[in-house]
Amino acid sequence: MVALEAQLRPCALPRRQCFRRYRTASAHRPRRCTPAAAAESPTSAPSRFVQWLQENGLPEQGVRLETLQRDGAPLDTVVASRPALPGDVVLRVPDRLVVTLDRIFHSASLAELLTTSKLSELACLTLYLAYEKKRGTASFWHPFIKELDRLRGKGQQGARSPILWEPWQVEQYLAGSPLVAQVNERMKGIDREYAELDTVWFMAGSLFNQYPYDIPTEQFTPEVFRQAFAAVQSCVVHLQGVPLSQRFALVPLGPPLLTYSSTASAMLRYDPTSREVQLAADRAYRPGEPVLAWCGPQPNSRLLLNYGIVDEANPYDRLPLEAIIPASDPLYSLKRGRLAEQGGGLATQQLFQLSRGATPLPAPLFPFLRLALARTPRDVWAVEFGPGAGPLDGGSEARALGTLRTRLAARLARYPAPVAGGEGDATPDRDPETNARRAAAARLVGIEQQILRAALAQIEALPFGQRDTQGGEDPGAGAPALILD
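So in UniProt numbering, the last one in the sequence shown is 485, and the numbering has no gaps at all.
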C-alpha cells in the first residue's frame with residue numbers, strides 16, 4: 001500500500017481502449033508523481049483506526065494497542081488489556097473486517113483460478129488494496145489502508161523486510177548469509193508478478209469494472225508495487241482449516257501489530273460458529289504485556305525476509321547443505337542403485353539441513369558421504385544405512401569427515417569478522433530503523449555462524465574426526481560435491 005495513491009489516475013476511456021492505448025503507446029507513458037507524506041499525529045492514528053473497528057462491529061477485546069519504545073523508536077504493539085489465562089480468547093475480529101480473496105473477487109472459484117495460474121495471493125491482495133486506496137474515504141477499507149500505510153511493514157523489532165532495504169545494506173549487513181540470494185530471488189519473483197498484473201486486471205473484470213482507472217502497470221511503477229507487496233506480506237495471516245480462497249487473510253490487529261514468536265503455541269484461527277478470527281492465549285498475561293502468536297515453523301531467514309524479525313529462540317533455523325555424487329564417478333550407477341535399495345529415500349543429489357543445537361549434522365549425511373567416497377564395489381556394498389550405521393574403516397571415515405570439515409570451514413570463512421552492525425556496535429546510526437536493520441542482520445548472521453561452528457565441533461568430537469587427511473577433499477573423479485549456501 002505504500003505510496004500508491006498518487007500513482008493512480010482516472011481513465012476516461014473504456015477498458016478495451018485503455019488496454020489498446022497501453023499496447024500501442026507504451027513508450028509515451030505520462031510521468032508519475034511522488035506523493036507527499038500526510039502530516040498525522042503518531043498517537044492519534046492508532047486510536048482512530050481502533051475507533052473505526054469498533055464502529056464496524058469489533059467486539060470487546062482482551063487486548064489494546066499501546067505505543068512502546070524499542071531502542072529509542074516508538075512501535076505500536078498489541079498488548080493485553082486485562083489479566084488473561086491460557087485458553088482465554090483475547091483477540092476477536094469479525095470476518096466482515098478481514099480481507100480475503102473470496103471477498104475481493106466475490107467468487108471462491110475465480111480467486112483460486114487467478115492464484116493458481118497467474119498471481120500469488122499476496123499479489124492479488126496488493127492489487128486490490130491499491131485500487132481501493134484510490135477511492136479514498138469512499139472505500140470501506142480506507143481506515144485499514146491508512147493503518148497499513150502508516151506501519152509500512154515494520155516488524156516488532158523495528159525493521160522491515162530486506163526487500164525494502166537499500167541494496168548495499170543487503171550486501172553489507174547480510175554478507176556471507178544465504179539470505180542475500182533469497183532476497184534477490186524474491187525481488188525477481190515480485191517483478192514477475194508485476195508483469196502479470198494487467199492480465200489479471202482483465203480476467204477479473206467483475207472486480208475491476210468498478211474502478212475507472214488505467215491498467216495496473218500504467219498506474220504504478222515496479223518499485224512502488226514492490227513496496228506495497230512488502231507491506232502486505234508483513235501483515236498477511238495464514239489461516240488453517242479454511243478454503244483456499246480464505247487461506248491468506250489481512251486481519252486488523254494482527255501482524256505486524258501482533259508479536260510473532262517461534263516458540264508460542266497461540267495461533268490466529270477462524271471460528272465458523274462466531275464467524276470470527278480469534279486468538280486464544282497460550283500463557284498467562286498481565287495488562288500491558290505484548291501478546292504473542294506463533295509464526296509457524298519458519299527459519300529466521302524467512303522471518304526476516306517476510307516480517308523483518310529474527311527470533312533468537314527459534315528452534316526451526318536451518319542451513320541447507322547439498323551433497324552430490326557426480327555422474328563422472330566410475331561407480332556412479334552402482335552407488336545410485338545402492339541408494340535406491342537401501343538409502344531410505346536418498347538420491348545422488350541430496351539436500352540435507354543443518355539445524356541448531358549441539359549436533360546440527362543430520363545422521364543420514366554420514367552414510368551418504370561414505371558411499372560417495374567409496375572407491376571399490378566392495379566398499380559400496382559395505383556401506384550401511386539406518387540407525388547405528390558405522391564407518392567402513394578409519395581411513396575412509398577420516399576422509400569423509402575431512403571432506404565435510406573442509407567445506408564447512410570454507411563456508412564459515414565467507415562471513416566477515418567481526419560482523420558489522422552487531423548489537424554492541426560502537427557506532428550506531430542516527431536513524432533508528434537503520435540500527436534495527438543492522439541488529440536484525442547481525443542476529444541472523446550470528447545464528448548461522450553458530451550452526452556452522454557447532455557442526456565443526458560435532459565433527460571434531462567424532463572418532464576419526466580429528467585425523468589430518470591430506471587435502472581434506474578427495475581430488476579424484478568420484479569426490480562428492482558439497483554445496484553449502
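For each residue, glycine too, the CB sits at the ideal point set by N, CA and C. A quick note: this is a predicted structure, and the numbers were derived from the prediction, not measured.
{"Asked": "In angstroms, rounded to a whole number, what distance separates the CA positions of Arg32 and Asp102?", "Found": "Confidence is the limiting factor: at Arg32 the pLDDT is only 35, short of 50, which leaves the residue's position unreliable, though a coordinate-based value still follows. In a straight line, the C-alpha of Arg32 is about 32 Å away from that of Asp102."}
{"Asked": "Does the stretch 380–388 come within contact of the stretch 332–347, defined as at least 3 CB pairs closer than 8 Å?", "Found": "yes"}
{"Asked": "Can you tell me the Cα-Cα spacing of Val236 and Glu397, whole angstroms?", "Found": "48 Å"}
{"Asked": "Does the beta-carbon distance from Ala266 to Leu292 come in below 8 Å?", "Found": "yes"}
{"Asked": "Report the start-end ranges of each beta strand (DSSP E) in the stretch 46–126 that is 3 residues or longer and not cut off at the edges.", "Found": "63–70, 73–80 and 89–94"}
{"Asked": "Distance, Cα to Cα, Pro463 vs Ala454?", "Found": "16 Å"}
{"Asked": "Please name the residue or residues paired with Ser355 in a DSSP beta bridge.", "Found": "Arg318"}
{"Asked": "Taking contact to mean 3 or more Cβ pairs, one atom from each stretch, closer than 8 Å, check whether the stretch 70–87 and the stretch 148–161 are in contact.", "Found": "yes"}
{"Asked": "In the DSSP assignment, find the unbroken beta strand (DSSP E) run with residue 515 in it and report its ends.", "Found": "Residue 515 is absent from the structure shown; the chain starts at 1 and stops at 485."}
{"Asked": "To the nearest whole angstrom, what separates the beta carbons of Tyr316 and Ser262, a pair I think is in contact under 8 Å?", "Found": "6 Å"}
{"Asked": "Helix, strand or coil: which one does DSSP assign to Phe220?", "Found": "coil"}
{"Asked": "Judging by CA-CA distance, which residue of Arg92, Ala327, Pro320 and Ile145 is the nearest neighbour of Leu354?", "Found": "Pro320"}
{"Asked": "Tell me which same chain residues have a C-beta within less than 8 Å of the C-beta of Met187, skipping the five on either side of it?", "Found": "Ile163 and Arg226"}
{"Asked": "From Glu196 to Leu331, what distance separates their C-alpha atoms?", "Found": "47 Å"}
{"Asked": "Can you tell me whether Gln466 is buried or exposed, with buried defined as 16 or more other CB within 10 angstroms of its CB?", "Found": "exposed"}
{"Asked": "On the DSSP bridge list, what partners appear for Ala281?", "Found": "In DSSP, Ala281 forms no bridge with anything."}
{"Asked": "Would you kindly check if the distance between the Cβ of Arg437 and the Cβ of Tyr173 is under 8 Å?", "Found": "yes"}
{"Asked": "Name the two residues that bound the continuous beta strand (DSSP E) containing Tyr415.", "Found": "Run containing Tyr415: none; DSSP gives neither H nor E here."}
{"Asked": "Tell me, to the nearest whole angstrom, how far the beta carbon of Ala84 is from that of Val90; I am working on the premise that it is less than 8 Å.", "Found": "5 Å"}
{"Asked": "Taking all protein chains shown into account, decide if Phe202 is buried (16 or more other Cβ within 10 angstroms of its Cβ) or exposed.", "Found": "exposed"}
{"Asked": "Using the rule of at least 16 other Cβ atoms within 10 Å of the residue's Cβ for burial, across every protein chain shown, is Glu132 buried or exposed?", "Found": "buried"}
{"Asked": "Would DSSP call Ser301 helix, strand or coil?", "Found": "helix"}
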